[in-house]
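Residue numbers (the numbering used here): 5 to 213. The structure appears below as structure tokens.
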Amino acid sequence: MSKDLIASIAGGISIIFATWAAVPYILSILRGRTKPHQMTWLVFSIMNGVVFLSQYLKGARASVLLYIVWFFSSTIIFLLSLKFGLRNTSRLDRTLFSLSLLTIVAWALTKNPSVAIWLTVFIDIFATSMMLLKIRAHPDSEEVFPWIIGTIAYIFTVISLINKSFGILYVRPIYGLISEAAIPIYILYLAKTGGQSNKKRPSGLNIQV
Numbered sequence: 005m006s007k008d009l010i011a012s013i014a015g016g017i018s019i020i021f022a023t024w025a026a027v028p029y030i031l032s033i034l035r036g037r038t039k040p041h042q043m044t045w046l047v048f049s050i051m052n053g054v055v056f057l058s059q060y061l062k063g064a065r066a067s068v069l070l071y072i073v074w075f076f077s078s079t080i081i082f083l084l085s086l087k088f089g090l091r092n093t094s095r096l097d098r099t100l101f102s103l104s105l106l107t108i109v110a111w112a113l114t115k116n117p118s119v120a121i122w123l124t125v126f127i128d129i130f131a132t133s134m135m136l137l138k139i140r141a142h143p144d145s146e147e148v149f150p151w152i153i154g155t156i157a158y159i160f161t162v163i164s165l166i167n168k169s170f171g172i173l174y175v176r177p178i179y180g181l182i183s184e185a186a187i188p189i190y191i192l193y194l195a196k197t198g199g200q201s202n203k204k205r206p207s208g209l210n211i212q213v
């Protein structure tokens with residue numbers, strides 16, 4: 005089996021898992037079990053669009069399919085967060101959100117796709133930090149299953165780069181894998197240490213922007 009064929013198959017599988025992760029997450033929001041963090045998902049929406057464009061300009065093909073799915077699902081989740089979500093769950097939220105926006109502006113000013121890819125890592129660090137702080141404040145506001153499926157999607161995205169030389173194109177998928185996996189690990193850690201037993205589900209917190 006050629007590397008190009010493996011890359012195409014892995015890219016297709018990553019889309020399946022990405023969609024599988026997005027659908028139950030959205031349904032969980034509508035059922036009131038998940039309270040998405042508004043600022044985080046706004047940043048995720050913009051960032052996934054940036055990553056898609058940057059990766060594509062650097063020559064990635066199969067691996068960018070995941071980010072197309074993430075872009076549309078993140079946008080839907082952000083819109084739902086305006087009614088069903090949370091914000092300002094940490095004193096650091098506004099700072100992290102501002103840093104995310106400044107980094108996005110820096111990306112817009114650069115003409116170098118490689119620099120843009122590295123900038124998206126910093127954007128994701130800030131956004132994921134807001135997510136983890138929200139989970140610490142409200143452990144029951146996220147379900148672990150969609151994040152595990154999303155992690156598997158990233159594994160296949162990394163595999164989809166098998167026909168590319170190891171380099172800048174691997175930065176985002178590998179970091180994305182680490183970042184995605186950190187969230188279910190943290191949720192399970194809080195569950196194991198009793199973090200969820202000390203927090204109440206933030207029901208009725210439909211905070212508007």
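Glycine is no exception: its CB is placed at the ideal position from the N, C-alpha and C atoms. Note that the structure is predicted; figures quoted are calculated from it, not measured.
Item	Value
How do the stretch 112 to 127 and the stretch 39 to 58 stand: do at least 3 beta-carbon pairs fall below 8 Å, yes or no?	yes
Ordered along the chain, which non-local residues of its own chain (more than five positions away) have a Cβ less than 7 Å from that of residue 153?	21, 24 and 25
Alpha helix (DSSP H) containing residue 113: first to last residue?	97 to 113
If I follow the unbroken alpha helix (DSSP H) through residue 184, where does it start and stop?	175 to 197
For residue 83, does the three-state DSSP call read helix, strand or coil?	helix
Based on Cα-Cα distance, which residue from 148, 99, 74 and 97 lies nearest to residue 177?	74
Less than 7 Å between the beta carbons of residue 48 and residue 77, yes or no?	no
Would you be able to state if there are at least three C-beta pairs under 8 Å between the stretch 90 to 102 and the stretch 10 to 21?	no
For residue 62 and residue 173, which I take to be in contact (beta-carbon distance under 8 Å), what is that distance rounded to the nearest angstrom?	6 Å
Considering residue 43, what are the terminal residues of the alpha helix (DSSP H) in which it resides?	42 to 61
Using DSSP with H/G/I as helix, E/B as strand and the rest coil, what is residue 90?	strand
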